[in-house]
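Just so we're aligned, residue 203 is where the sequence shown starts under this note's numbering, counting upward by one. Built from N, CA and C at the ideal position, the CB exists for glycine as well. Here the structure is a predicted model, which is why all the values come from computation and not from measurement. Shown next, in structure tokens, is the structure this report addresses.
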Amino acid sequence: MKRVKWYLVLLLVGILLFVGGCTEEDIPTPPTVPVGSTGYSDVSIPIGQFQLQPHVDVVMSTVLGGELTITLGSNPTTGYQWSEDAEISDETIIRQVSHEFVGPGIDEPPGTSGEDVWIFKGLKRGTTTLLLEYSRSWTGAGLWAVTITATIR
203 MKRVKWYLVL LLVGILLFVG GCTEEDIPTP PTVPVGSTGY SDVSIPIGQF QLQPHVDVVM
263 STVLGGELTI TLGSNPTTGY QWSEDAEISD ETIIRQVSHE FVGPGIDEPP GTSGEDVWIF
323 KGLKRGTTTL LLEYSRSWTG AGLWAVTITA TIR
């Protein structure tokens, strides 16, 4: 009988330890995305930030004729990739100039993430919205997204 009580006590302690380990831990707040204030604006969001926050909203601005550069972490070996062209709500305000994938260095192991880089040029004063999605083309469902509110001053 004493042996059964000890087993019950050990079982209860084990359950308490298990339940205590299942408590929700605080998720760190993603870092503030830096925004430039003159001439052009550069924003760089590493791939790890999207694991904390799958949809990121960014506010950017530049002067008329200035450029916005957006760099997003990417790992095409997973089958996911960022949209080639941004969805731009008003293409009279801003135009996509380029988009390229920059792979990891040659010393990095296979499967290491790289970066997608877009450059946009301000065409006229105003505010517009850009959307970039990270998805698998064959599923049609996006995993991550970035919405950029771009103001041309």
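Cβ neighbours of residue i in the same chain (closer than 6 Å, five flanking residues each side left out)
{"i": "VAL235", "result": "Reliability fails at VAL235, whose pLDDT of 46 lies under 50, so the model's placement of it is uncertain and the value that follows must be treated cautiously. Hits under 6 Å: VAL245 and VAL260."}
{"i": "THR240", "result": "Because THR240 sits at a pLDDT of 40, beneath the cut-off of 50, its placement in the model cannot be relied upon, and the point is left open."}
{"i": "PRO306", "result": "THR314 and GLY316"}
Beta-carbon proximity check, residue i vs residue j, cutoff 7 Å
{"i": "ILE350", "j": "LEU325", "result": "no"}
{"i": "HIS181", "j": "ALA347", "result": "No information on residue 181 is available, as it lies outside the stretch 203 to 355 that the chain covers here."}
{"i": "THR330", "j": "ASP292", "result": "yes"}
{"i": "THR279", "j": "GLY313", "result": "yes"}
{"i": "LYS323", "j": "ARG297", "result": "yes"}
{"i": "SER300", "j": "LEU334", "result": "no"}
{"i": "ILE295", "j": "GLY328", "result": "yes"}
Cβ shell of residue i (< 7 Å), same chain only, five flanking positions each side left out
{"i": "TYR282", "result": "TYR336, SER337, ARG338 and LEU345"}
{"i": "VAL304", "result": "GLY316, GLU317 and VAL319"}
Assumed close pair residue i, residue j - CB separation to whole angstroms, cut-off 8 Å
{"i": "TRP320", "j": "ALA288", "result": "6 Å"}
{"i": "SER243", "j": "MET262", "result": "4 Å"}
{"i": "THR273", "j": "GLU317", "result": "5 Å"}
Proximity test, residue i beta-carbon vs the ligand NAD heavy atom, cut-off 6 Å
{"i": "GLN255", "result": "Among the components modelled here there is no ligand, and therefore nothing to report on the ligand NAD."}
Those residues which DSSP pairs with residue i across a bridge
{"i": "TRP320", "result": "ILE272 and HIS301"}
Residues of its chain near residue i, where Cβ-Cβ distance is below 8 Å and the 5 sequence neighbours each way are ignored
{"i": "PRO232", "result": "With a pLDDT of 41 at PRO232, under the threshold of 50, the modelled position of that residue is not reliable, and the figure given next carries that caveat. So the qualifying residues of the chain are GLN251, LEU254, GLN255 and VAL258."}
{"i": "ALA343", "result": "SER337"}
Query - Continuous beta strand (DSSP E) assignments of at least 3 residues falling wholly in the stretch 259-284 - result: 269-276
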